[in-house]
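Only one structure is covered here, and it is reproduced in the block below.
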Amino acid sequence: MTVDLLVFLLFLLVFLSVVLVAAVTGLSWFFAWARSLRMQKAPPARAARLRRRLKWTGAVLGALLAAAPFVIAFTLAGVARRPPTRMFNPSGDRLLPPHPQYAQLLDRFIHDPRTDLGLEFEDVSFPAADGSTLRGWFVPGRSGASTAIVTVHGSHVDRREFLAHVPIFHEMGYPVLLFDCRDHGISDGDGRGFTLGVRESQDVSSAVEFLKQSRGFTRVVAVGASMGASSSIIAAGRDRRIDGVIAEAPFADIEEQVAYTASSFLRFPAWMAALTAKAMAWRIGARSIRGPLEAVAEISPRPILLMHGTDDSTVPFHASQQLFNRAREPKFLWLAPGAGHATKIFKAHPKEYQRRIQSFLSQFFRMH
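Numbering (our numbering), first residue to last: 40 to 407.
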């Protein structure tokens with residue numbers, strides 16, 4: 040689903056809800072006026088009964104009006120998690136482009152590591168925390184490598200988000216696992232959509248477990264973008280098996296990010312944005328975990344590299360500044376001038392991106 044279509048559907052839902060509330064309010068005023076006329080002409084006993092009915096009617100309508108914003112916020116949170124026309128689980132032998140209407144065009148450019156990059160790969164699968172199956176590509180590295188890279192994509196995309204980055208790691212000899220989080224790509228899911236790191240952080244740990252237990256690597260570095268970056272931070276904060284984190288455009292707080300998106304992109308008033316954020320947090324179980332801002336302080340003494348574009352309109356770069364300030368050494372922050380969201384950092388500054396990645400990995404993760 041395109042952003043414009045999602046915005047249209049959300050605005051349509053809000054508009055219809057407002058119309059419904061206005062209609063109920065108007066009808067309540069009309070009936071109250073009609074009853075007041077009847078009471079003026081009615082005997083005292085009947086007038087008393089009419090007053091009691093009017094009070095009950097007013098109480099019910101008041102409760103409905105009070106509940107309306109919460110119902111709207113709860114519904115909007117569900118729509119945002121899984122847009123109704125979004126293809127989360129493409130079928131077939133390989134991943135399909137995210138927008139079916141452009142499949143024929145995009146299929147010429149987006150395939151797999153062998154077709155696009157000339158790199159051999161293996162289709163792999165491993166269990167998620169709930170027993171479902173996660174699927175991905177494993178690109179081997181230099182023989183005898185002890186450190187592996189796992190890439191973690193953002194919301195509404197899949198493993199291919201990091202496909203163009205693979206040569207950077209492969210050139211250094213690192214094996215790379217690109218996988219789909221639950222409800223994305225061709226991994227299993229329950230159809231409820233993304234959870235802004237609540238479940239995805241568990242998937243990161245599952246991928247790390249696969250690399251260490253099934254493939255025998257002693258160290259694993261998680262490289263994530265957007266939601267994948269925040270998921271990697273959350274996972275590393277509680278899972279010591281993650282040996283380092285490279286986070287591109289992470290958000291620092293789940294509720295703050297949802298509220299920012301609702302107010303900036305959907306133009307919700309502040310109170311509605313805050314209500315939607317709380318509804319989203321409740322629906323995804325965000326309060327059952329430590330968010331990125333709490334988790335990042337627990338990563339030390341393992342290293343973290345934060346990267347953020349200064350022109351990022353999806354997640355403002357001050358989120359990475361917040362995370363950097365909360366993190367403990369060893370920590371690094373690069374604010375990429377003029378770069379947009381997440382993997383657009385690489386597109387805007389490919390040489391500097393590669394230099395910083397290689398410097399970070401060379402300093403802390405030798406190949407053997």
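C-beta: ideal position from N, C-alpha, C; glycine also.
Model, not experiment: these values are computed from the prediction.
DSSP places residue 162 in the uninterrupted beta strand (DSSP E) bounded by 161-166. Ranked by Cα distance from residue 401, the first of 194, 207, 168 is 207.
Rounded to the nearest angstrom, the gap between the Cα atoms of residue 215 and residue 228 is 23 Å. Distance check between residue 318 and each of 333, 332, 301 places 301 closest, using alpha-carbon atoms only.
Around the beta carbon of residue 355, 16 or more other beta carbons lie within 10 angstroms, which makes this residue buried. Taking C-beta atoms as the reference points, residue 338 and residue 272 count as a pair closer than 9 Å. In the DSSP annotation of this structure, residue 258 is not part of any alpha helix (DSSP H); the continuous beta strand (DSSP E) holding it starts and ends at 258-264.
Listed in chain order, the beta strand (DSSP E) runs fully inside the region 362-405 are 370-375, counting runs of at least 3 residues.
Our two residues, residue 344 and residue 158, have alpha carbons roughly 26 Å apart in a direct line. Less than 9 Å divides the Cβ of residue 247 from the Cβ of residue 278. Taking the Cα of residue 242 as reference, the smallest distance to any Cα among 254, 183, 321, 192 is reached at 192.
Contact check for residue 235 and residue 266: beta-carbon distance about 6 Å, within the 8 Å limit, so the pair qualifies. Taking 8 Å as the upper bound for CB-CB distance, residue 342 and residue 289 are not in contact here, some 15 Å apart. When the beta-carbon positions are compared, residue 281 and residue 316 stay at least 9 Å from each other. Residue 221 places its beta carbon 9 Å or farther from that of residue 210.
When the alpha-carbon of residue 404 is set against those of 283, 202, 347, the nearest one is in 283.
Looking from the CA of residue 153, the closest CA among 202, 225, 173, 262 belongs to 202. A residue is called buried once 16 or more other Cβ atoms fall within 10 Å of its Cβ, and residue 361 is buried on that count.
Excluding sequence positions up to five before and after residue 381, its CB lies within less than 7 Å of the CB of 193, 264, 265, 287, 288, all in the same chain and listed in chain order. Taken atom to atom, the span from the alpha-carbon of residue 249 to that of residue 314 is near 39 Å. The Cβ atoms of residue 231 and residue 218 lie no closer than 9 Å to each other. In the structure shown, residue 211 falls within a coil segment according to DSSP collapsed to helix, strand and coil.
Taking a C-beta distance under 9 Å as the contact criterion, residue 347 and residue 387 do not qualify as a contact pair. Counting the other Cβ atoms within 10 Å of the Cβ of residue 252 gives fewer than 16, which makes it exposed.
Boundaries of the alpha helix (DSSP H) around residue 293: 293-303.
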